[in-house]
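For what it's worth, the working numbering labels the leading residue of the sequence shown as 0, then goes sequentially. The structure appears below as structure tokens.
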Amino acid sequence: MIEVIATIGEVRKIVEGWKNENLGVGLVPTMGYLHAGHESLIRKAVEENDRVIVSVFVNPTQFAPNEDFDRYPRDLENDKKVCERAGADLIFHPTAEEMYPADFSTYVNVTKVSEELCGASRPGFFQGVATVVTKLFNITNADRAYFGQKDAQQLAVVRRFVRDLNMNVEIVACPIVREKDGLALSSRNAYLNAEERKAALVLSAALAKGKELLANGERDARKIESAMRRIIETEPLAKIDYVKIVDAKTIEPTADVKGTILCALAVFIGKTRLIDNFFLADAYKPE
Ligand code: PAF
Numbered sequence: 000m001i002e003v004i005a006t007i008g009e010v011r012k013i014v015e016g017w018k019n020e021n022l023g024v025g026l027v028p029t030m031g032y033l034h035a036g037h038e039s040l041i042r043k044a045v046e047e048n049d050r051v052i053v054s055v056f057v058n059p060t061q062f063a064p065n066e067d068f069d070r071y072p073r074d075l076e077n078d079k080k081v082c083e084r085a086g087a088d089l090i091f092h093p094t095a096e097e098m099y100p101a102d103f104s105t106y107v108n109v110t111k112v113s114e115e116l117c118g119a120s121r122p123g124f125f126q127g128v129a130t131v132v133t134k135l136f137n138i139t140n141a142d143r144a145y146f147g148q149k150d151a152q153q154l155a156v157v158r159r160f161v162r163d164l165n166m167n168v169e170i171v172a173c174p175i176v177r178e179k180d181g182l183a184l185s186s187r188n189a190y191l192n193a194e195e196r197k198a199a200l201v202l203s204a205a206l207a208k209g210k211e212l213l214a215n216g217e218r219d220a221r222k223i224e225s226a227m228r229r230i231i232e233t234e235p236l237a238k239i240d241y242v243k244i245v246d247a248k249t250i251e252p253t254a255d256v257k258g259t260i261l262c263a264l265a266v267f268i269g270k271t272r273l274i275d276n277f278f279l280a281d282a283y284k285p286e
């Protein structure tokens, strides 16, 4: 069975041994309740590294008091099976006390890139993410770290602080994994009842509309967003948080679609907030 390590000291000791043997170390940071999307990250990490650590930690600092920290789904036994099947070497599963001593007082705060989209609706979220990911990088001394593109803004935030703070870790982005009917995999899909599960298809339907308009040459970002919003508004269980086209790197809204853009949305289906997106590289093509 795969080893589950709870302390920072033990992980450091194991990684030190690996590094002494010149082995490359990959890290897949997760909050557990692993699904096929996570598994694809782990498999990619296994392909590209000699040793792979999967962190399983529901990070309290990235949840606001009104959010779902307490009920976030957890299933370490299944996580172990997924990690083992995918070829990971160890799971780092610390307690909140291990990660955040009582007098913890240092946070990583990324400005601008973390201010739009999820940053606007979830104040403090990216500070929590940037802080815990920095800690995980320092604890594991990973050469590469793997993130899913479903959390596109998270990826942009991580890339930015890694560059700004000169961290010696390569960030690898992996494609969104979807159910057959288009729903992006997410641990939070577990919250959906049968009716909500069906309703959640408006997210991928809205994205399909955006792609269709772009393929037909529409380059007015606001028009595309409005057409996507209209699709979501047909679903009574859906409530839009945001539908936005932004520059993929800076996450700043753009009026005209040009360069590489991120088309992202967040929608409540009942009480469950889901996100999804697509990237379009070199969106501007002169007529
Ligand atoms: O994407 C996630 O699951 C989390 O935000 C992360 C990167 C593991 C940090 O807690």
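All residues carry an ideal CB built from backbone N, CA and C; glycine is no exception.
Neighbourhood of residue i by C-beta distance below 8 Å, restricted to the same chain and skipping five residues each side
i	result
residue 146	28, 40, 153, 154, 157, 170, 171, 172 and 173
residue 194	236
residue 17	24, 49 and 50
residue 255	218, 219, 220 and 283
residue 86	41, 42, 45 and 51
residue 251	111, 115 and 245
residue 66	121
residue 166	133, 136 and 160
Reduced DSSP secondary structure (H/G/I, E/B, other) of residue i
i	result
residue 136	helix
residue 73	coil
residue 289	The shown model of the chain, from 0 to 286, leaves out residue 289, and the question about it has no answer.
residue 221	helix
residue 276	strand
residue 238	strand
residue 179	coil
residue 271	strand
residue 66	coil
residue 285	Reliability fails at residue 285, whose pLDDT of 46 lies under 50, so the model's placement of it is uncertain and no value is given.
residue 128	helix
residue 123	coil
residue 99	coil
residue 157	helix
residue 36	helix
residue 60	helix
residue 108	coil
residue 116	helix
residue 189	helix
residue 211	helix
residue 141	coil
residue 226	helix
residue 200	helix
residue 8	helix
residue 20	coil
residue 45	helix
DSSP beta-bridge partners of residue i
i	result
residue 206	Answer by DSSP bridge pairing: none, since residue 206 is not bridged.
residue 54	28 and 91
residue 255	219
residue 147	173
residue 261	245 and 278
residue 2	89
residue 266	239 and 273
Residue i and residue j closer than 8 Å at C-beta
i	j	result
residue 5	residue 94	yes
residue 149	residue 275	yes
residue 268	residue 191	yes
residue 55	residue 31	yes
residue 208	residue 226	yes
residue 78	residue 135	no
residue 266	residue 244	no
residue 263	residue 116	yes
residue 223	residue 206	no
residue 14	residue 108	no
residue 7	residue 96	no
residue 160	residue 129	yes
residue 127	residue 58	yes
residue 259	residue 280	yes
residue 187	residue 273	yes
residue 61	residue 168	no
residue 210	residue 103	no
Beta-carbon contacts of residue i that lie in its chain and below 7 Å, excluding the five residues immediately before and after
i	result
residue 234	198 and 201
residue 123	63
residue 286	Note that residue 286 scores a pLDDT of 43, beneath 50, so its modelled location is shaky and nothing firm can be said.
residue 53	27, 29, 41, 82, 87 and 90
residue 35	176 and 184
residue 181	200 and 203
residue 11	138
Any C-beta of chain C under 8 Å from that of residue i
i	result
residue 20	Chain labels in this structure do not include chain C; a single protein chain is all it has.
Beta-carbon proximity list for residue i, same chain, < 6 Å, skipping 5 on both sides
i	result
residue 120	240
residue 111	none
residue 37	29
residue 74	32
residue 22	49 and 50
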